[in-house]
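S.K.: Position 243 of the sequence shown, counted from 1, bears residue number 243 in UniProt numbering, the numbering being contiguous throughout.
Even glycine gets a Cβ: it sits at the ideal position worked out from N, Cα and C.
Small disclaimer: the values here were computed from a predicted structure and weren't measured.
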Amino acid sequence: MTESKEQNDGGSGNTNSGKADTPSRNWITILFYIYLHIFGLVGLYVLLAKIKWITLWYFLALVIFSYTGLTAGAHRLYAHQTFTAASQLRFFLVLAHTMAGVGPVYDWVLWHRLHHKYHNTDEDPFDHRKGFLYSHVFSNFQSTSSNVQLKNIDMRDVGSDRIVWVQQKFYWILFIVLTFLLPIYVSVEYCGESFVNSVLVIGATRVMITTHIAWLVNSALLIWGLKKGDRFPVSDNNSVFFVTQSYWPNYHYVIPWDWRNDEFGPYERGFSTFMIKMWYEMGLIEKMMTTTTKDIREILEKIAVSKVPIKEAFEQLKKKSEEDACRQKLVYYP
Ligand SMILES: [Zn+2]
């Protein structure tokens, strides 16, 4: 849940080149998240100790559904255009994203593009140099009106998507009905769960988790990415549970338009990647953007032996990949 903002009709002109103002905080959003976490943590206890099995399965299904909307939808489809999707699939993904309760797709994409454009500079809203807590939590409370750099982000493609437009236009009513009322009603009516348990688990805990998934897309590099001086394979002495580092989050910041790159570490694997493959098989995807090891190696050699700037070299790589995608109708490796 974030504040709605004025329409950014894009334009790549650099009307503002100075530093962003000191970001002001959106206090309504902060209060919302404080309450969400208080109720969400209570719900987490209820989830582990009290609810019915069917409610647990329902809870997991909703989280996975929203996860797909956040990663395959808002991130890979809308923020980076790694593939093109039929209207039915875009509707499905925007619906899944709406149920995650993290604000309109348009807003999330706007901030994420700003993050990529100014990565590791003072203008980066999720500035990784300030640490994980800042990047993952506090950076999400910035007010859009105080950030002049947002006007420099080209959003014409997302702004012209009718499904995204409808979601943004009617966001608050959709947020109340699809994020909270409907999922809670289904839990009470069809899972036979008590109203209080449903509010706590299906309402608060679920949205708390989907919120952190959405935030993690901007901060995952700090958990799963390589640190300065790391070599691959990385020592996992500091890793906990399944947390192991990989170079793919770093790869994403160099080549963000590769559909096969998972948000949280793996490449060519992961649930969203599997889903995108499945949608392709179902005929819901026309074009997918990716590249090959050979092409990347050639570009890196070119950078090493000539004076081609890195940015320009990767633009050439993207252009070549687009041409390949066009020539083959799509680039796809089953
Ligand atoms: Zn990205």
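(1) Contact between the segment 256–273 and the segment 74–84: three or more CB pairs below 8 angstroms?
(2) For glutamine 316, list the residues DSSP reports as bridge partners.
(3) Between which two residues does the beta strand (DSSP E) harbouring phenylalanine 175 extend?
(4) Any heavy atom of ligand 1 closer than 7 angstroms to the CB of leucine 212?
(5) Mind pulling the beta strand (DSSP E) runs of 3 or more residues that sit fully within the segment 229–315?
(6) What does the alpha-carbon distance come out to for the pair phenylalanine 264 and alanine 220?
(7) Any heavy atom of ligand 1 within a distance shorter than 7 angstroms of the CB on alanine 220?
(8) For a test of the three-state rule: what should DSSP assign to alanine 85, helix, strand or coil?
(9) Please say whether leucine 70 and isoleucine 213 have beta carbons closer to each other than 8 angstroms?
(10) Quick one: using the 10 Å Cβ neighbour count with 16 as the cut-off for buried, is glutamine 149 buried or exposed?
(11) Can you find at least 3 beta carbon pairs, one from the segment 152–165 and one from the segment 104–113, that sit closer than 8 angstroms?
(12) Throw me the rounded Cβ distance for the valine 94 and valine 102 pair, which I believe falls under 8 angstroms.
(13) Would you list, in sequence order, the uninterrupted alpha helix (DSSP H) runs of no fewer than 4 residues that lie entirely inside the segment 104–130?
(14) Going by the beta-carbon positions, is the gap between arginine 113 and isoleucine 51 smaller than 8 angstroms?
(15) DSSP state of leucine 226, grouped into three classes?
(16) For methionine 99 and serine 139, which I take to be in contact (beta-carbon distance under 8 angstroms), what is that distance rounded to the nearest angstrom?
(17) Leaving out the 5 sequence neighbours to the left and right, which residues in its chain are closer than 6 angstroms to glycine 225 when beta-carbon positions are compared?
M.R.: Taking the coordinates as given:
(1) yes
(2) DSSP, once it has assigned bridges, lists no residue as partnering glutamine 316.
(3) Premise fails: phenylalanine 175 is in no beta strand (DSSP E) and is neither H nor E.
(4) Leucine is not the amino acid found at residue 212; the sequence shown has histidine there. No.
(5) 285–288
(6) 6 angstroms
(7) no
(8) strand
(9) yes
(10) buried
(11) yes
(12) The Cβ separation is near 12 angstroms, so there is no contact.
(13) 105–117
(14) no
(15) coil
(16) Not really, about 24 angstroms apart at Cβ, beyond 8 angstroms.
(17) Pro249, Asn250
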